[in-house]
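Protein chains in written order, with our numbering: chain B, 4 to 214; chain Z, 4 to 214.
Here's the structure we're looking at; comments come further down.
2 protein chains.
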Amino acid sequence: MSTVTRRPYAARLPPKQRKAQLLDAALTLILRDGYGGVSIEAIAAEAGVTRPVVYGVYRGLGPLLSDLLDRQQARALAQLFEVLPEELWLQDAATVFDVVERLGRRVVADPATWRPILAAGPGMPVAVWERIDADKARLRRQLTLILERSRADLGLAPQLDAEALAHACVALAEHFGRLLLEDEEFGSERVMRALRGLLPPGRGAMRPVPG
Amino acid sequence: MSTVTRRPYAARLPPKQRKAQLLDAALTLILRDGYGGVSIEAIAAEAGVTRPVVYGVYRGLGPLLSDLLDRQQARALAQLFEVLPEELWLQDAATVFDVVERLGRRVVADPATWRPILAAGPGMPVAVWERIDADKARLRRQLTLILERSRADLGLAPQLDAEALAHACVALAEHFGRLLLEDEEFGSERVMRALRGLLPPGRGAMRPVPG
DNA sequence: GTAGTTTCCTACAGTGCCGTAGTAATAGCA
DNA sequence: TGCTATTACTACGGCACTGTAGGAAACTAC
Numbered sequence: 004m005s006t007v008t009r010r011p012y013a014a015r016l017p018p019k020q021r022k023a024q025l026l027d028a029a030l031t032l033i034l035r036d037g038y039g040g041v042s043i044e045a046i047a048a049e050a051g052v053t054r055p056v057v058y059g060v061y062r063g064l065g066p067l068l069s070d071l072l073d074r075q076q077a078r079a080l081a082q083l084f085e086v087l088p089e090e091l092w093l094q095d096a097a098t099v100f101d102v103v104e105r106l107g108r109r110v111v112a113d114p115a116t117w118r119p120i121l122a123a124g125p126g127m128p129v130a131v132w133e134r135i136d137a138d139k140a141r142l143r144r145q146l147t148l149i150l151e152r153s154r155a156d157l158g159l160a161p162q163l164d165a166e167a168l169a170h171a172c173v174a175l176a177e178h179f180g181r182l183l184l185e186d187e188e189f190g191s192e193r194v195m196r197a198l199r200g201l202l203p204p205g206r207g208a209m210r211p212v213p214g
Numbered sequence: 004m005s006t007v008t009r010r011p012y013a014a015r016l017p018p019k020q021r022k023a024q025l026l027d028a029a030l031t032l033i034l035r036d037g038y039g040g041v042s043i044e045a046i047a048a049e050a051g052v053t054r055p056v057v058y059g060v061y062r063g064l065g066p067l068l069s070d071l072l073d074r075q076q077a078r079a080l081a082q083l084f085e086v087l088p089e090e091l092w093l094q095d096a097a098t099v100f101d102v103v104e105r106l107g108r109r110v111v112a113d114p115a116t117w118r119p120i121l122a123a124g125p126g127m128p129v130a131v132w133e134r135i136d137a138d139k140a141r142l143r144r145q146l147t148l149i150l151e152r153s154r155a156d157l158g159l160a161p162q163l164d165a166e167a168l169a170h171a172c173v174a175l176a177e178h179f180g181r182l183l184l185e186d187e188e189f190g191s192e193r194v195m196r197a198l199r200g201l202l203p204p205g206r207g208a209m210r211p212v213p214g
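Written out as structure tokens, the structure is:
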């Protein structure tokens, strides 16, 4: 009479839904424990399922994370390029600030997307880091073009290195984005106020808006 | 006749020298493979020694890294606060640029110290990250004081958030420092030229130096 | 209700690293 | 030359995770 207590069956799901659920579980883990706590084991546990179930739909942790990255990347880039479309024209300092403000709003409105990207912190797997790094490079290229186009209107000196400025902008965006998400001392209103102070008559070689 | 091949004895060292050697080995690993490859196992191997030797002088990986951090932190902070002493007075834009240039020179002159700090990348242990984060906070505090003191001379608007500006400066310093060390496209002369373009008449709400 | 399919679980072998107990080699000194 | 302290090595048990093989449950359709 050996009633070996068997684990109760988890809900049966078709592969597609199971995949989505596993990605959600992985994201939850990342948000709660950081990247360090991510493993097949942990993801399975978080989803209330055993490891073989994970191997049933993903060949391993790499492919799973890659899939998660695809999803998160799509979400993040959509928000980003909505605010920074290729044909964007920064006609004056007010426009610049508007862009910054809208970016900030996206970040605080959707922390589940942005925290794993901005609050990189320690323990991030190499693959993830490389992916994010490539996206930052892409963003910089786009921003460089935008800045070149808006150079005259923003009063940027002709010899100014637009690519370097793009580097600076992305680095600052990343840092202040992180501040928005992580720092309790810097609430979003303070960050925005500070940026307003740093930016229009201050940021870059920007001349005050005439009129 | 069982000649079980025994590992040749490594040179015998007193604890103090052994410690130094292990720290060097750990640093080498970090520089070569990134933080991801750091473990007692790997450090011992890098030093040509077995694990128990490591446990003989350190209670574990944590204490070892902590000790390494002490050493590296001292080196880094010494360079940093030499350029940014507490009583520093940023009397004009030229002084600002001078500080930036000197910082850049330190970084490229001592990559072994700065790469593990700036080129954080993935896989960094939490303890290391927290330590570096705390140091950045300390740097920001000091910079905030310096900026407050120099506020009038730099023509910073009275309502400008000096702490936020310090955040921006440290983030930029970090990013361009990394660029100096890692990016082959951005050689040190280009980074410096770009910073010169971004800074004096551009950075912050800085008025051009009169005269 | 029974056969077939899908989905899940248990169980095991394998790997890499940790930490420690016990033993062997070396170096310095009598 | 031998004795002793110091320092190193071997060998083991343990943990957490990985992947996979094989069996059990649950749905589906007839």
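Quick reminder that beta carbons are idealized off the backbone N, C-alpha and C, glycines included.
Distance between residue j and residue i (C-alpha atoms, nearest Å)
| i | j | result |
| --- | --- | --- |
| Z/A14 | Z/I43 | 19 Å |
| B/T98 | B/E104 | 10 Å |
| B/L80 | Z/D101 | 38 Å |
| B/P161 | B/T147 | 14 Å |
| B/E185 | B/G40 | 19 Å |
| Z/A29 | Z/P11 | 22 Å |
| B/E187 | Z/E192 | 38 Å |
| B/A50 | B/Q24 | 7 Å |
| B/T116 | B/R143 | 20 Å |
| Z/L26 | Z/Q75 | 10 Å |
| Z/D164 | Z/A47 | 48 Å |
| Z/F84 | B/P17 | 60 Å |
| B/P119 | B/R35 | 10 Å |
| Z/D136 | B/L106 | 25 Å |
| Z/A122 | B/L87 | 28 Å |
| B/A45 | Z/V194 | 43 Å |
| Z/Q20 | Z/D113 | 23 Å |
| B/R210 | B/K139 | Below a pLDDT of 50, predicted positions are generally treated as unreliable, and B/R210, at 39, falls in that range; the measurement from the model is reported next regardless. Cα-Cα distance, rounded: 28 Å. |
| B/F189 | B/G124 | 18 Å |
| B/P196 | B/E151 | Strictly speaking, residue 196 of chain B in this sequence is Arg, with Pro absent from that position. Their Cα atoms are separated by approximately 27 Å. |
| B/G63 | Z/L64 | 28 Å |
| B/R9 | B/Y58 | 21 Å |
| B/D73 | B/T31 | 16 Å |
| Z/R206 | Z/Q145 | Here the model assigns Z/R206 a pLDDT of 41, short of 50, so the residue's position is not dependable and the matter cannot be decided. |
| B/S5 | B/V52 | The predicted position of B/S5 is uncertain, since its pLDDT is 42 and thus under 50; no value can be drawn from it. |
Contact under 7 Å by Cβ, residue i with residue j
| i | j | result |
| --- | --- | --- |
| Z/L91 | Z/I149 | yes |
| B/G37 | B/G126 | yes |
| B/K22 | B/V56 | no |
| Z/L198 | Z/S153 | no |
| Z/V111 | Z/L175 | no |
| Z/R54 | Z/Q82 | no |
Residue i: contacting residues in chain Z (beta-carbon distance under 8 Å)
| i | result |
| --- | --- |
| B/W117 | Neighbours of B/W117 on chain Z: none; closest Cβ ~17 Å, over 8 Å. |
| B/R196 | D164 |
Contacts of residue i in chain B (Cβ-Cβ under 7 Å)
| i | result |
| --- | --- |
| Z/Q162 | G200 |
| Z/G124 | W132 |
| Z/M127 | P125 |
| Z/L168 | L201 |
| Z/R35 | Near Z/R35 there are no residues of chain B at all, since even the closest Cβ is about 14 Å away, more than 7 Å. |
Where residue i meets chain B, residues with beta-carbon distance less than 8 Å
| i | result |
| --- | --- |
| Z/L182 | H170 |
| Z/G39 | V129 |
| Z/L175 | A171, A174, L175 |
CA nearest to the CA of residue i, picked from the options
| i | options | result |
| --- | --- | --- |
| Z/R155 | Z/P119, Z/Q20, Z/D95 | Sequence check: residue 155 of chain Z is Ala here, not Arg. Minimum Cα distance to Z/A155 is reached at Z/D95. |
| B/E166 | Z/I135, Z/G200, Z/D138, Z/D136 | Z/G200 |
| Z/E89 | Z/G124, Z/R62, Z/R141 | Z/R141 |
| B/A77 | B/R62, B/L64, B/R134, B/G65 | B/R134 |
Three or more C-beta pairs closer than 8 Å, one from the stretch 54 to 73 of chain B and one from the stretch 123 to 131 of chain B: is that the case here? Touching, yes, given that three or more Cβ pairs across the two stretches are closer than 8 Å.
So does the stretch 176 to 188 of chain B actually touch the stretch 159 to 179 of chain Z, counting three or more Cβ pairs closer than 8 Å? The stretch 176 to 188 of chain B, when compared against the stretch 159 to 179 of chain Z, does touch it at the 8 Å Cβ threshold.
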